[in-house]
Each structure stands twice: as C-alpha cells, then as structure tokens.
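All remarks here apply to the structure that follows.
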Amino acid sequence: MSARTSPAEAFEKIPTVLFGHAPEAAAALAREVRDLILARRAAGRPTVLGLATGSTPVPFYRELIRLHKEEGLSFHDVITFNLDEYYGLERTHRESYFRFMQEQLFAHIDLQPDNIHLPDGTVPLDEVFAHCAAYEAAIEAAGGVDLQILGIGRTGHIGFNEPGSSRDSLTRLLPLDPLTRLDAAADFLGGENVPRFAITMGVGTILRARKLVMMAWGGNKAGIIAKAIEGPETEAVSASFLQSHPDARAFLDKGASSALTRIRLPWLVGRAEWTPAETRRAVLWLALKEKKPVLKLRDNEYNEHGMAELLTRYGNAYHLNIEVFNRQQQTITGWPGGKPNADDTSRPERAAPFPKTVLVLAPEPQDDVLGMGSTIERLVTQGHDVHICYMTGGDLRVTDAEAIRFARVLLETAEQDSDLWKEQISYARGILSEIETKGPFGDPPARLRHLKALIRRGEARDAAISLGVKPSQIRFLDLPFYTEGRYRQFRLSPQDATATGSVLATLRPHQIYITGASADPSSVQGMAFAAFRSAWDARAGHNWQEHCRIWLYRSHQSEYEPHEIQMAIPMSPDQLSQKLSAVQKFQSHTLPDLLDGERNRHTARTYDALGTAEYEAIEAFRRWKS
Ligand code: GLP
5 MSARTSPAEA FEKIPTVLFG HAPEAAAALA REVRDLILAR RAAGRPTVLG
55 LATGSTPVPF YRELIRLHKE EGLSFHDVIT FNLDEYYGLE RTHRESYFRF
105 MQEQLFAHID LQPDNIHLPD GTVPLDEVFA HCAAYEAAIE AAGGVDLQIL
155 GIGRTGHIGF NEPGSSRDSL TRLLPLDPLT RLDAAADFLG GENVPRFAIT
205 MGVGTILRAR KLVMMAWGGN KAGIIAKAIE GPETEAVSAS FLQSHPDARA
255 FLDKGASSAL TRIRLPWLVG RAEWTPAETR RAVLWLALKE KKPVLKLRDN
305 EYNEHGMAEL LTRYGNAYHL NIEVFNRQQQ TITGWPGGKP NADDTSRPER
355 AAPFPKTVLV LAPEPQDDVL GMGSTIERLV TQGHDVHICY MTGGDLRVTD
405 AEAIRFARVL LETAEQDSDL WKEQISYARG ILSEIETKGP FGDPPARLRH
455 LKALIRRGEA RDAAISLGVK PSQIRFLDLP FYTEGRYRQF RLSPQDATAT
505 GSVLATLRPH QIYITGASAD PSSVQGMAFA AFRSAWDARA GHNWQEHCRI
555 WLYRSHQSEY EPHEIQMAIP MSPDQLSQKL SAVQKFQSHT LPDLLDGERN
605 RHTARTYDAL GTAEYEAIEA FRRWKS
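Using my numbering, the letters of the sequence shown map in sequence onto residues 5 to 630.
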C-alpha cells in the first residue's frame, strides 16, 4: 500500500482499473490473454489459464471466441483449469459448470479436450479428498496457472470460497452460503433445487497463480467489491486475500466501482470538483455520518472531514447547509407528472404539457410495481395518460407447479365436453407431458415458456389495473433476448432495440420511466435497459425526444443514495398499503424481501434523518441524461 502514489490507491489495496462498460473491460482482458498466449508460444511454452463461471466472464469469453474466429487466435496449446463445480451435478446438467464452459467457450474454440480441467461434481464422497488432491497435483504438473480469471460472489467469495475460508485453503468440498444459494435460485428454478455443496479451488490454490484478474459488473456487486478492495484482508471476504498477491488486479465497470472511496467520497482522496451534485453528496453524507439533520451541521464538522475547501466557498456552514437542504427538500413532490398551472422552476417535473403521455417500461413484470407502484397510481389519478410496457414475459421466474395448476384446470374444464374441446385437451396434456419429460432441470420448451409468460401476464395486468391503469394501455413486448435466452446467458439482438423503439415511436411520450441503468449488464434489467438505450439513441434528434424526460426507478438490484434522488414521491400509510396489495397480485413468484415495503420506508427514514420531512414511505427516482 505504501509503495503506491495516488491517494485513491491508498484506499484501494488491490490495483483497480475502471472501465465505462463491461465489454470494454472484457476486450482489454482478452487482448492481454492473446498477448500472453502468443508470447509463451514464441518461447515454446503452453499457457495455463484459470477460468471462472457465472455471468461475469461471459463477455470476456465472447471476446476470446471472436479473437479465435475473426483473428485466428489458436488455443491448441492452452491448458485450462476451472475454479469450481457444484457437487452432485452430472456434467450434462444444464447448470453444471462443465456444461456452462462448453456452451460459453470450449465448444467455440480449438482447445484440446485433454487440456480442459474442471473438478468433477459426481465423484463419490469417499473419493472427494483424493480427487481434490489430484486436481492440485494436475495444476502443479502443468506448471501452475499463468493467469487466473475471477468473478466475485455477493458473499465476497472467489471460486466458491465462502466466508470462513482460510488464506491457505486448498481444493476441497464445502457447503454453500445461503446468500450464494439465493443468488443461484433463479438459475435452478427455485432455491430448494440449488446444490448445497461444491468443490472449489482453495484460496491458497488461487493465490498461487502468477497473475490474477477479478472482474465485477453492476451496482449489486459495489458493496462487496469495496470491502474486498478497501477493507481488511479477512476470511470473511475471501476476495480480500488478493490484496497481498503481487500481481492481482480488479477490472470494474461504473456500477461495480460505485462504492469505492474515490467514487463515493472523492474529497477524501483530493479529487472533489465541488459541482452542485458533488456538494450535495458530501453534505448529505456528513449529515448521515454525524447523525444530524443537514441544518445542524457545523463548520468544524466540515473541516474535520476534508471539506474545508467547500466551506470556504460558501463562507460558512449555514449557507452551505441551507442550499443543500433546499435542494433536497425540492426533490419531494406529490406530482410526479408535474403540477399543472404551478410555478415549476424548482420542481422535479415540468407543469406543461398537461396531461402528459407517460410510458412505464418494466424489464420484468413486477419491476414497475415494486419500483414505482404508488407513483403509477398517482399519475393515473392526476389525469395523465399512463401506458405500461412489459419488456419480457418474466416466465423464467414461474415454477413448473404453477404451469401444472393451470394445465390441470384447463384439462378438467375441457374434459366436461371432450368433443367440443379436443384441442384444449390435447394442449393441456401436451403441457403436462412436456413438464414431465424435461424434469425439474430440463430446458423448458417454447410452448411451456409461453404458458408461463401468460400466467405472469395475468398477474401483471391485475396489478396494473389495481393501480388504475386501463387494460388497453398495457403492452407486452416479449423481447427476443429473453424469450430465446436464460439467466446469466442472455444475448441482445438488434430486434430487441427495434421492438422497444417502435413503442417509443408510437407513443411519443412526455415522460418515460425505466430501470436497470446501472444494473449488472447480464441481468434482465441491464439487458432491457441496453435495448432501451439503443432504441433511444437510434431515434436521436426526433423532436418529441427533446421534450421527453426519462426517469429511472429502482429495481430490486439497485439502491439510490439520497444525493442521487432527483424526485421523491412520498406515500401515506394507505398509499403504501395499496402498493403492497398490487405487489401481492404476483402470486407465481415474488421477491420475498420486498413484500413489506421496507425499502420505501427506509428512504422515508433517511429523508427524516436529514431533517426534510417525515413520511411513511418514499419512492425515489433519478433522471437519466440530465
Ligand atoms: C458463483 C461462482 C463464482 C462467481 C459467482 C458470481 O458463485 N462460483 O466463481 O464469481 O458465482 O456470479 P456472477 O458472475 O453470475 O455474478
């Protein structure tokens, strides 16, 4: 740490490279790998790569495949060792890491099958120890790993080294942390299906690699990344052990870097520019840290926290406090569509035109209601023309049990007149047999996915209607990246943007609400936002766009800090209850931690703590491109 020069690096104990977006980072890393392979080949030596699974390395693997196919990069003398494998899964299981690697990389490049190594999740328990020892020996025999690629789990694990893994741990079988299993629940179509154990390289095994690169994308990794990079080296966060490796780096996108000190508290590393946004961030941070309302902050508190320069600009704390307080207070409005005939100079939204055409884009059904259910209700009540567009069907979240229930109801109804309802009977039987044939983990055929999407649609419609939205103003886009994809492996195509663009062009809204801007780019929310962004950019310059304001609402992956909020819609206890009953319309799947409105209550408590106003709950919004 002491050898490094910049103040940011004084906090960052793993050298960190920031990229705008994941594909740029992936391309930079792929170029490094190409150079490494070519250099070692020139010296007559094979290259040993340590590989990881999960959604994080997918853009990197796509770039390696491109280098192979378009630039002729060969992998014939490359040897690979994967970090880990679920215990108990056959190699053919759709969630096995073996199959993942085949699909994402191995099948598309010229690696020699004998050079590929993954732990085997099917070895009998009494042979696991020997198997792990043999894995260690194989790495050693290959000359050790030249470059190890890593993602990071939300428990801070690398490989599957869950909290408690020691720095010297070796390849072994271990139980998975509940948070890790929760994060894998969507892949396995339900938490109960996620394996309880995995075989993983140990921290010690990983640290023996000559070079390491840990990648992370999206805001939901920001907290754990900050702990790994800036916190103490600890068994509680196995990624923190990279700090003492002589050649480990972190490659991050904007979202994943957002909790690092240099981004979150730039004045502490001498990088503050004291723009109005940064000033607001600093003052609110100080108020929350000191547990004082903004208007009670004193000069000495600013001085003691590296903000003397800011104070000098304002003369004293009083002027600074009042300016930031007013700005925060002005984010609160009961008029998300603007207050007609009112002075709107310091309101978040314009008064005119009134009424507004409003488009709410929901990446998955339920995102809209969770993120802004009360705001939707308010917009409708205030006379705006509110349209909701569900960008995907959300069927991947619907369990087989739900589909079985619907197929059985249909079957029993149709069997009452089996001549008239022949086709319905064969459809229902077809669904039931498809579910049986594919088993709990088989890939669902298109017809089954469609039925599940219809179930989800019904729920989405009920929820939107309960908030006052007209049924004729609810659309379902079924973007192809989702209908043709699966979790962690979605791929955007031009049709995704075209379909989104045609909704924009038809409605020419005055307001658009969307989520997912800083989400993990591989998540449904991240993909949907990317489709929206390219649709928006493709139409750039259209007259209606200049008058359209885009608001970002929170998804279950994203949290807004108080300084980021540009519009806060307060809710009374009754309004919160109405929102929660809309959330409950989603019976086929819901995110349990979000059912009680705690996030909206938390935002309200933060506003209260800052000394603005005390409400039951608040829905929060940021402006995009503002
Ligand atoms: C699993 C893997 C890790 C991976 C993590 C994060 O736990 N064993 O190697 O880093 O998932 O997954 P994702 O990249 O999808 O966020």
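All C-beta atoms, glycine included, are put in the ideal place defined by N, C-alpha and C.
* **Reduced DSSP secondary structure (H/G/I, E/B, other) of serine 6** => As a position in the sequence shown, residue 6 is number 2, starting the count at 1. Only weak support is given to the placement of serine 6: the predicted model assigns it a pLDDT of 38, under 50, and the question is left unresolved by the model.
* Asked: Whole-angstrom Cβ separation of alanine 213 and glutamine 152, contact assumed at under 8 Å?
  -> Looking up residue 213 in the sequence shown gives position 209. Looking up residue 152 in the sequence shown gives position 148. Confirmed, about 4 Å.
* Asked: Expressed to the nearest angstrom, what Euclidean distance is found between the alpha-carbon atoms of valine 413 and leucine 483?
  -> On the sequence shown, position 409 is the one that residue 413 refers to. On the sequence shown, position 479 is the one that residue 483 refers to. Going by the C-alpha atoms only, they are around 29 Å apart.
* Asked: What's the C-alpha gap between threonine 9 and alanine 230?
  -> For the purposes of this step, residue 9 is identified with residue 5 of the sequence shown, where counting begins at 1. For the purposes of this step, residue 230 is identified with residue 226 of the sequence shown, where counting begins at 1. With a pLDDT of 46 at threonine 9, under the threshold of 50, the modelled position of this residue cannot be trusted, and the question is left open.
* To do: Could you check which residue in Arg354, Gln332 and Ile478 has the C-alpha nearest to that of proline 340?
  => Translated into positions along the sequence shown, residue 340 becomes position 336. It is Arg354.
* Would you kindly check if the distance between the Cβ of phenylalanine 245 and the Cβ of methionine 219 is under 8 Å? => Numbered from its first residue, the sequence shown carries residue 219 at position 215. Numbered from its first residue, the sequence shown carries residue 245 at position 241. Contact flag unset, no.
* Taking 7 Å as the line, does the beta carbon of threonine 60 fall inside it for any heavy atom of the ligand GLP? -> Within the sequence shown, numbered from 1, the residue matching residue 60 stands at position 56. Within the cutoff, so yes.
* Measure from the alpha carbon of arginine 171 to the alpha carbon of each residue in Leu177, Gly206 and Ala188, then state which is nearest. => To locate residue 171, count along the sequence shown from 1; it is residue 167. Selected option, being the one with the closest Cα: Gly206.
* Keeping to the same chain, check which residues put their C-beta closer than 7 Å to that of isoleucine 336; ignore five residues upstream and five downstream. => As a first step, residue 336 is located in the sequence shown; it is residue number 332 there, counting from the start. For isoleucine 336, where only same-chain residues beyond five positions count, the Cβ hits under 7 Å are Ala572, Pro574, Thr616 and Ala617.
* Taking the beta strand (DSSP E) that methionine 219 falls in, what are its first and last residues? -> The count along the sequence shown starts at 1 and reaches residue 219 at position 215. Note, methionine 219: beta strand (DSSP E), 215 to 220.
* To do: Measure the CB-CB distance between methionine 395 and glutamate 623 and report whether it falls below 8 Å.
  => Looking up residue 395 in the sequence shown gives position 391. Looking up residue 623 in the sequence shown gives position 619. Contact flag unset, no.
* **glutamate 74 to tryptophan 278 span [Cα, whole Å]** => Here the question's residue 74 lines up with position 70 in the sequence shown. Here the question's residue 278 lines up with position 274 in the sequence shown. For glutamate 74 and tryptophan 278, the distance between alpha carbons rounds to 46 Å.
* Asked: Heavy atom of the ligand GLP less than 7 Å from the Cβ of alanine 56, yes or no?
  -> The residue given as residue 56 occupies position 52 in the sequence shown. Alanine 56 Cβ: within cutoff of the ligand GLP.
* To do: Would you check if there are 3 or more beta carbon pairs closer than 8 Å linking the stretch 78 to 95 to the stretch 196 to 210?
  => yes
* Asked: Three or more C-beta pairs closer than 8 Å, one from the stretch 512 to 525 and one from the stretch 310 to 320: is that the case here?
  -> Segments in contact, no.
* To do: Answer with yes or no whether the minimum CB distance from threonine 175 to chain D is below 8 Å.
  => In the displayed structure, chain D is absent; only one protein chain is listed.
* **Close Cβ partners of aspartate 348 (< 7 Å) along its chain, the five nearest in sequence each way excluded** => Looking up residue 348 in the sequence shown gives position 344. Gly342, Arg354 and Ala355.
* Does at least one heavy atom of the ligand GLP sit under 7 Å from the Cβ of arginine 492? -> Mapped onto the sequence shown, residue 492 falls at position 488. Yes - the ligand GLP has a heavy atom lying nearer than 7 Å to the Cβ of arginine 492.
* **Residue of Leu301, Gln386 and Val402 minimising C-alpha distance to valine 328** => In the sequence shown, the residue the question calls residue 328 occupies position 324. Among Leu301, Gln386 and Val402, the Cα nearest to that of valine 328 belongs to Leu301.
* Asked: For the 8 Å Cβ check, are there 3 or more pairs between the stretch 549 to 563 and the stretch 391 to 407?
  -> A contact between stretches requires three or more CB pairs, one per stretch, nearer than 8 Å, and the stretch 549 to 563 fails this requirement with the stretch 391 to 407.
* Compute the minimum distance between the beta carbon of phenylalanine 64 and the heavy atoms of the ligand GLP, and state whether it is under 7 Å. => The count along the sequence shown starts at 1 and reaches residue 64 at position 60. No, the beta carbon of phenylalanine 64 sits no closer than 7 Å to any heavy atom of the ligand GLP.
* To do: List the residues that DSSP assigns as beta-bridge partners of cysteine 393.
  => In the sequence shown, counting from the first residue as 1, residue 393 sits at position 389. Leu365 and Arg479.
* Asked: Roughly how many angstroms separate the alpha carbons of lysine 295 and leucine 614, rounded to a whole number?
  -> Residue 295 sits at position 291 when you count from the first residue of the sequence shown. Residue 614 sits at position 610 when you count from the first residue of the sequence shown. Approximately 8 Å, taken between the alpha carbons.
* How many Å lie between proline 577 and glutamine 386 at the Cα? -> What you label residue 577 is simply residue 573 of the sequence shown in a count that begins at 1. What you label residue 386 is simply residue 382 of the sequence shown in a count that begins at 1. Looking at the two C-alpha atoms, the distance is approximately 19 Å.
* Cα-Cα separation between glutamate 166 and glutamine 428, rounded to whole angstroms -> Working through the sequence shown from its first residue, we reach residue 166 at position 162. Working through the sequence shown from its first residue, we reach residue 428 at position 424. In a straight line, the C-alpha of glutamate 166 is about 49 Å away from that of glutamine 428.
* Asked: Where in the stretch 540 to 564 do unbroken runs of the beta strand (DSSP E), each at least 3 residues long, occur, reported from the N-terminal end onward?
  -> 553 to 557
* **Whether arginine 451 touches glutamate 438 by CB criterion (8 Å)** => Here residue 451 refers to the residue found at position 447 of the sequence shown. Here residue 438 refers to the residue found at position 434 of the sequence shown. Against a cut-off of 8 Å, the Cβ pair of glutamate 438 and arginine 451 comes out as a contact.
* To do: Can you have a look at glycine 147 and say buried or exposed, based on whether 16 or more other CB atoms are within 10 angstroms of its CB?
  => Your numbering for residue 147 matches position 143 in the sequence shown. Under this definition glycine 147 is an exposed residue.
* For valine 82, I'd like the list of residues in its chain whose CB is within less than 7 Å of its CB, leaving aside the five on either flank, ordered along the chain. => Looking up residue 82 in the sequence shown gives position 78. Excluding the 5 residues flanking it on each side, valine 82 has same chain C-beta neighbours closer than 7 Å at Ile41, Pro50, Thr51, Leu53, Leu115 and Asn119, in chain order.
* Opening and closing residue of the alpha helix (DSSP H) in which leucine 452 lies -> Numbered from its first residue, the sequence shown carries residue 452 at position 448. Start and end: 450 to 470.
* aspartate 88 lies in the beta strand (DSSP E); which residues open and close that run? -> Residue mapping note: residue 88 aligns to position 84 of the sequence shown, counting from 1. Where aspartate 88 is concerned, the enclosing beta strand (DSSP E) stretches over 88 to 90.
* Identify every run of the alpha helix (DSSP H) within the stretch 307 to 385, keeping only runs that are complete inside it and at least 4 residues long; order them along the chain. => 312 to 318, 321 to 333 and 371 to 385
* Asked: Taking the alpha-carbon positions, what's the alanine 3 to arginine 266 distance?
  -> Lying before the first or after the last residue shown, residue 3 is absent from the chain, which here runs from 5 to 630.
* **Any non-hydrogen atom of the ligand GLP within 7 Å of aspartate 348 CB** => Residue numbering aside, residue 348 sits at position 344 when the sequence shown is read from its first letter. No, since every heavy atom of the ligand GLP falls outside the 7 Å radius drawn around the Cβ of aspartate 348.
* Asked: Between the beta-carbon of isoleucine 392 and the beta-carbon of aspartate 421, is there less than 8 Å?
  -> For the purposes of this step, residue 392 is taken as residue 388 along the sequence shown, with counting starting at 1. For the purposes of this step, residue 421 is taken as residue 417 along the sequence shown, with counting starting at 1. Result no, Cβ atoms of isoleucine 392 and aspartate 421 do not sit closer than 8 Å.
* Secondary structure of glutamine 108, DSSP reduced to three states -> If you number the sequence shown from 1, residue 108 lands on position 104. Reduced to three states, the DSSP call for glutamine 108 is helix.
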